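Peer 1: Position in the sequence shown (first residue = 1) + 65 = the working numbering. The structure that follows is given in the form of structure tokens.
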Amino acid sequence: MRNETPLPAASPGASDRGTPSGVHGRKPRVRIVRAELVFAEDRWRRRHAFAMEGGAILATGAPEELARRFPDHPLEDWGDVAVLPGCVNAHDHSFQVLLRGLGDDLAFHRWRDRVLYPFSERLDRDGIRAGALLDLAELARAGVTAVVDFFYLHDRGNRNDLAVVEAAREIGIRLVLARSMYDWAGAPARYRETPEEAVRNFRLLHEELRGDPLATCQPAPHSIHGA
66 MRNETPLPAA SPGASDRGTP SGVHGRKPRV RIVRAELVFA EDRWRRRHAF
116 AMEGGAILAT GAPEELARRF PDHPLEDWGD VAVLPGCVNA HDHSFQVLLR
166 GLGDDLAFHR WRDRVLYPFS ERLDRDGIRA GALLDLAELA RAGVTAVVDF
216 FYLHDRGNRN DLAVVEAARE IGIRLVLARS MYDWAGAPAR YRETPEEAVR
266 NFRLLHEELR GDPLATCQPA PHSIHGA
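Next comes the structure, spelled out in structure tokens:
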């Protein structure tokens, strides 16, 4: 259970817990959080604390130290929990969350041919976006803050890729879209591009995402057998 303990000079606005930072034009308030375990300065620290403002960590230290540094802000006690930096999922296939439970008893190549290929050919853009929303929301709830989505349902363009980007923006998770490339004749048609098409489409997507605070893309030839 999380308890909020006001410091002696707590500000009048400290009671608005649960109000999203920055709403109604207000500056995000500083929050000081104490927990049983905090991973800070490259090691675990017991009964440690950190101060944050919006999405930025301002400082870490002993609770008493941060209370002195930020005297006008409340101390939130998160109790017997461990707090650590966000995790990274370095290899994801967001749309495949929709295949969960299908063909679990099959060896990989039989699963690929009997489940993945036929199912993925039936997914439209809305289905791809819905799968990405579900997958990325589950990752965020599990403490993942950045994900590399190895994606290949291109339909010879970037509209489907951008559906995944839209989902990442909605969830608020950092995304590297690994724009995969297939030219193997055994793959579904919507996966396949010539190398020239893949280069052109990647460059267009890269330019579209230039400067995006959450999403970027990288080229990702699929495999020795696929590209």
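Even glycine gets a Cβ: it sits at the ideal position worked out from N, Cα and C. In this text, all values refer to a predicted model and were calculated from it rather than measured experimentally.
#1: Pull the bridge partners of Glu258 from the DSSP assignment, please.
#2: Specify the secondary structure class of Asn154 as computed by DSSP and reduced to three states.
#3: Give every residue of the same chain whose Cβ lies closer than 8 Å to the Cβ of Ala194, excluding the five residues on either side of it in the sequence, and list them in chain order.
#4: Alpha carbon to alpha carbon, how far is Leu123 from Met117?
#5: Would you say Gly126 reaches chain C, if we count a Cβ-Cβ gap shorter than 7 Å as a contact?
#6: Determine which residues share a DSSP beta bridge with Trp109 and list them.
#7: Under a three-way DSSP split, which group does Ile236 fall into?
#8: Under 6 Å Cβ to Cβ from Pro286, same chain only, skipping five residues before and after it: list those, please.
#9: So, are the CB atoms of His156 and Phe215 less than 7 Å apart?
#10: According to DSSP, which residues form a beta bridge with Ser245?
#11: What did DSSP end up calling Leu279 once you bin it into helix, strand or coil?
#12: Which residues does DSSP pair with Pro230 in a beta bridge?
#13: May I have the straight-line CA-CA distance separating Gly276 from Asp170, to the nearest angstrom?
#14: Measure the C-alpha to C-alpha separation of Pro139 and Arg187 and round it to an integer number of angstroms.
#15: To the nearest angstrom, how far is the alpha carbon of Ala207 from that of Asn154?
Peer 2: Straight from the coordinates:
#1: Paired residues: none, contrary to the question.
#2: strand
#3: Reading the sequence as shown, one finds Arg at residue 194 and not Ala. Cβ within range, chain order: Ala228, Val229, Glu231, Ala232.
#4: 5 Å
#5: The question asks about chain C, but that chain is absent: this structure has only one protein chain.
#6: Phe104
#7: helix
#8: Met246, Ala292
#9: yes
#10: Ala285
#11: coil
#12: Just to set this straight, residue 230 is Val in the shown sequence, not Pro. DSSP lists no partner for Val230.
#13: 43 Å
#14: 52 Å
#15: 11 Å
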